[in-house]
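These notes are about the structure you will find just below.
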Amino acid sequence: NVGFVARRISIDYTKPARLDDLLTVETSLQEFGKASFTLLQVIRRGSDVLATIHIKLAVIDRNFKLVKLSDRLKKTFTKIFG
1 NVGFVARRIS IDYTKPARLD DLLTVETSLQ EFGKASFTLL QVIRRGSDVL
51 ATIHIKLAVI DRNFKLVKLS DRLKKTFTKI FG
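1 is the number of the first residue of the sequence shown in our numbering; add one for each residue after it.
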C-alpha cells in the first residue's frame, strides 16, 4: 500500500520533436535511496537523442509520509528497469 510522487525532475532538451514523429522512450534505473529511486529516460527519434530526463520518485504511504523502499520493490524495479 504505497504510492510514488515526483520529488525532482530534470529535463535536458537537445532537439525538437514534431507532431507525427515516431519516438522511443528508454527508461533505466539509476539508483535507490532509502525512500526513493531515480530513473533516467532518454527520448529518441531514430538515433537522435531529443531529451534526457532524470526523475527522482519518493515512496509514500496513504498519509503521504515517506516510507522506506522495501527489498521487494527494489527487486521488482530492478527487474522492470534493469
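For each residue, glycine too, the CB sits at the ideal point set by N, CA and C.
With distances taken between CB atoms, is the gap from residue i to residue j smaller than 7 angstroms?
i, j, result
"Arg18", "Lys56", "no"
"Val25", "Ile43", "yes"
"Val59", "Thr14", "no"
"Ser10", "Gly82", "no"
"Phe94", "Lys74", "Nothing about residue 94 can be read from this structure; the chain reaches only from 1 to 82."
"Asp12", "Thr52", "yes"
In the DSSP assignment, what are the bridge partners of residue i?
i, result
"Arg44", "Thr24 and Val49"
"Leu66", "Ile60"
"Ile55", "Ile9 and Leu39"
"Gly3", "Ile60"
"Phe32", "Phe37"
Buried or exposed: residue i, going by 16 or more other Cβ atoms within 10 Å of its Cβ?
i, result
"Val2", "exposed"
"Phe37", "buried"
Under 8 angstroms by Cβ, that's how I've got residue i and residue j pegged, so tell me the actual separation to the nearest angstrom.
i, j, result
"Arg45", "Leu69", "Not confirmed; about 34 angstroms, so no contact."
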